[in-house]
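What follows is a short report on a single structure.
Numbering (this note's numbering), first residue to last: 74 to 483.
Structural data, given as structure tokens:
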């Protein structure tokens, strides 16, 4: 089917029209190149955004208080809504389908943490045990805060690797006592942040009940985090409503008051990002395919010109017994060769540029801008289809050439 003579003829035709063939092939290569670059860049942005969610569970509802904006049952607007231990316990017991739940309260002020002669100012976060699972805290040594620590108000602390390096240097920290705002706390664990966020590495976690008694002076819970497991968006919205109902009842405010309390739904937010990037991928494919179609038109035009220039040759072939199928295959083979070769160069250059970007342009919001095997296979299939389409119309015209008319035209 693809004989040596036919290849020689294809190369001869191309050599006679170098500039025209190059410009036509360039349009195909550019279309594939842009498709790969746009898809890879979109993937890089998508990976960057997903990485921002990786540090905590994407199925989390974050709940915190605000200020009432509506009058309700004799209460004027403008009341601060602050959560406490009773709110935490009520949500934990009454809301169905909770996977993990934790309260969190920051300890503010002069947050000096010291060990012997070394000291520094670090974040002090008082939490419930599930917080480590919600925030995906990775323990390097020891353990995180557990239920017994909270129940007994123990003075224990899990410290970030940044604090360990600052206060202990190369000395072991596990089991030692540090002073948190002047109060001795036993180091029960050392954690690190997989994302390398410096703020998280320089934080200390203590039992929330201990912080409430020692540092805060009241059973304040600043923020609650609730994970919904594998529940979908609609089910997570129902859990939102349940939480709002419970808190509004206990603090006596209108549950329709959107300023009294706030709930950030990680399920909803993550789905929005996924939908956004799905739309971006679809848009990129439309742009890329549109560019490739422009290249196909160019290839089809050059093949049409080639057929017109070779009318006599095609007429002689048919007079010597060449079938319409063989004529069609000859033209399509030439079209496939031009589009395939040009598209391959575009594909290689696109992948090479993405590899360069992956090494040199890595950032917090742009990670691994690769074109995966699925994209490469899709681009290859697209090129084959493009070559067939580009060559089909000229090939049909060539197959309809009558030998007598072709020779008479000459």
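Each residue gets a CB set at the ideal place from its N, CA and C atoms; glycine is no exception.
Exposed unless 16 or more other CB atoms sit within 10 angstroms - verdict on residue i
i	result
residue 321	buried
residue 464	buried
residue 230	buried
residue 429	exposed
residue 345	exposed
residue 167	exposed
residue 190	exposed
residue 290	exposed
Same chain, Cβ closer than 6 Å to residue i, neighbours up to 5 away in sequence not counted
i	result
residue 334	138, 139, 154, 320
residue 364	104, 107
residue 302	172
residue 326	141, 145, 333
residue 74	Since pLDDT at residue 74 reaches only 48, below the 50 mark, its modelled position is unreliable, and the value read off the structure follows with that caveat. Around residue 74: no qualifying Cβ.
residue 156	138, 294
residue 470	380
8 Å Cβ shell around residue i - same chain, five flanking residues per side excluded
i	result
residue 187	193, 240, 251, 252
residue 304	132, 170, 312, 340
residue 503	Nothing can be reported for residue 503, as the shown portion of the chain is limited to 74 through 483.
residue 148	141, 325, 326
residue 367	100, 104
residue 263	212, 213, 214, 215, 231, 232, 233, 234, 237, 246, 247
residue 374	97
Alpha-carbon spacing of residue i relative to residue j, whole angstroms
i	j	result
residue 249	residue 258	8 Å
residue 184	residue 172	32 Å
residue 397	residue 384	14 Å
residue 108	residue 220	53 Å
residue 84	residue 405	14 Å
residue 223	residue 208	18 Å
residue 202	residue 261	13 Å
residue 390	residue 92	27 Å
residue 266	residue 117	22 Å
residue 215	residue 274	16 Å
residue 80	residue 349	47 Å
residue 355	residue 285	51 Å
residue 419	residue 165	57 Å
residue 399	residue 87	19 Å
residue 195	residue 151	33 Å
residue 369	residue 336	52 Å
residue 225	residue 279	12 Å
residue 381	residue 89	14 Å
residue 182	residue 351	45 Å
residue 243	residue 347	43 Å
residue 376	residue 466	9 Å
CB-CB length for residue i against residue j, believed under 8 Å
i	j	result
residue 177	residue 210	That belief does not hold up - the Cβ atoms of residue 177 and residue 210 are roughly 12 Å apart, past 8 Å.
residue 409	residue 461	7 Å
residue 458	residue 111	No, residue 458 and residue 111 are not in contact; Cβ-Cβ is about 19 Å, not under 8 Å.
residue 158	residue 292	4 Å
residue 217	residue 205	4 Å
residue 328	residue 318	6 Å
residue 378	residue 94	In fact, because the Cβ distance is near 11 Å, the residues do not count as touching under 8 Å.
CB of residue i within 9 Å of CB of residue j, strictly
i	j	result
residue 232	residue 180	no
residue 228	residue 256	yes
residue 136	residue 296	yes
residue 96	residue 371	yes
residue 332	residue 163	no
residue 102	residue 422	yes
residue 294	residue 316	no
residue 142	residue 330	yes
residue 134	residue 307	no
residue 197	residue 254	yes
residue 475	residue 416	no
residue 455	residue 362	yes
Same chain, Cβ closer than 7 Å to residue i, neighbours up to 5 away in sequence not counted
i	result
residue 287	256
residue 160	294, 320, 323
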